[in-house]
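>
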Amino acid sequence: MTSKLTKPELPAGFAYFPNLISFQKGLDLYEHLTGELNWQQPSIQVFGKFHPIPRLQSFVADEGVHYAYSNHTLDNQSWTQPLAVMRNKLQGHYNQSFNALLLNWYRDGHDTMGWHSDDEAELGVDPLIISISLGAARKFKIKHKTTGQQWELMLEHGSCLVMSGHSQQLFQHSLPKQSKVKGGRINLTFRSIVK
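Note that UniProt numbering gives residue 194 to position 194 of the sequence shown, counting from 1, and the numbers run on in steps of one.
Shown next as structure tokens:
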């Protein structure tokens with residue numbers, strides 16, 4: 001059973017804040033990110049065959065900080081000025097240091113992210129992950145690992161989803177295909193990687 005809510009009552013460890021960034025600032029940042037970052041499309045192995053992931057990725061981090069998943073290490077880039085300003089504001093608000101930023105660029109509704117948890121060892125126990133959405137609104141799903149209960153919400157342009165506590169231990173999340181969505185969406189996930 002899936003709970004569909006526009007102002008969602010999410011499970012513990014998830015909080016949604018619409019309009020964190022103004023519409024125009026969000027558009028400006030979207031344009032900055034598409035033009036200034038080095039976007040990658042790594043391949044992952046599924047049942048013995050390699051397939052390019054269905055999205056583009058970019059990884060921004062402090063010097064010496066690296067991030068790997070599915071046996072692939074992403075190339076590290078330096079913080080651009082707008083991203084550094086955003087990081088400083090989030091660090092001040094949440095009283096937490098963020099040394100890394102993983103960005104996903106979903107070019108249209110055919111680009112997706114399957115069910116997963118951000119539970120890699122380098123993220124530590126109970127990580128705080130701040131997820132900012134820019135561009136086309138996309139459906140986001142959350143699923144309890146044991147009960148299978150699901151929640152669904154729309155991540156809108158300029159919104160913020162906070163994942164904390166046991167969110168990665170107890171739940172998985174995904175961004176399903178939406179063929180009717182023609183516009184692109186960039187997702188910024190601020191995180192702290194344990195060196």
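We put the CB at the ideal spot given by N, CA and C, even for glycine.
Distance check for residue 65 and residue 19, CA to CA, integer angstroms please.
Using only the alpha carbons, I get a separation of about 30 Å.
> Do residue 13 and residue 164 have their C-beta atoms closer together than 8 Å?
Yes, these two residues count as a Cβ contact at 8 Å.
> Helix, strand or coil for residue 208? Go by DSSP, reduced to three states.
With the chain covering only 1 through 195, there is no way to say anything about residue 208.
> Counting beta carbon pairs with one atom in the segment 91-106 and one in the segment 48-68, are three or more of them shorter than 8 Å?
Cβ pair count under 8 Å is three or more, so yes.
> Determine, using beta carbons only, whether residue 105 and residue 53 come nearer to each other than 8 Å.
No; because the gap between Cβ atoms is not below 8 Å, this pair is not in contact.
> Only counting the same chain, and skipping five residues up and downstream in sequence, which positions put a Cβ closer than 6 Å to that of residue 32?
Here the set comprises 82.
> What does the alpha-carbon distance come out to for the pair residue 90 and residue 191?
When rounded, the distance between both Cα atoms is 11 Å.
> Would you kindly check if the distance between the Cβ of residue 96 and the Cβ of residue 38 is under 8 Å?
Result no, Cβ atoms of residue 38 and residue 96 do not sit closer than 8 Å.
> Using only CA atoms, which one of 74, 148, 133 lies nearest to residue 30?
Ranking 74, 148, 133 by Cα distance to residue 30 puts 133 first.
> So for residue 123, helix, strand or coil by DSSP?
Reduced to three states, the DSSP call for residue 123 is helix.
> Just to confirm the assignment, what range does the beta strand (DSSP E) spanning residue 189 have?
From DSSP, the beta strand (DSSP E) with residue 189 extends over 185-191.
> Any idea if residue 44 is buried or exposed, counting beta-carbon neighbours within 10 angstroms, 16 or more meaning buried?
Result: exposed.
> Measuring only the C-alpha atoms, how far is residue 21 from residue 147?
Taking the straight line from one Cα to the other gives about 35 Å.
> What's the gap between the Cα of residue 4 and the Cα of residue 152?
Low per-residue confidence applies at residue 4: pLDDT is 47, beneath 50, and the placement is therefore not dependable enough to give any value.
> What are the start and end residues of the alpha helix (DSSP H) that includes residue 31?
Here the alpha helix (DSSP H) through residue 31 covers 23-36.
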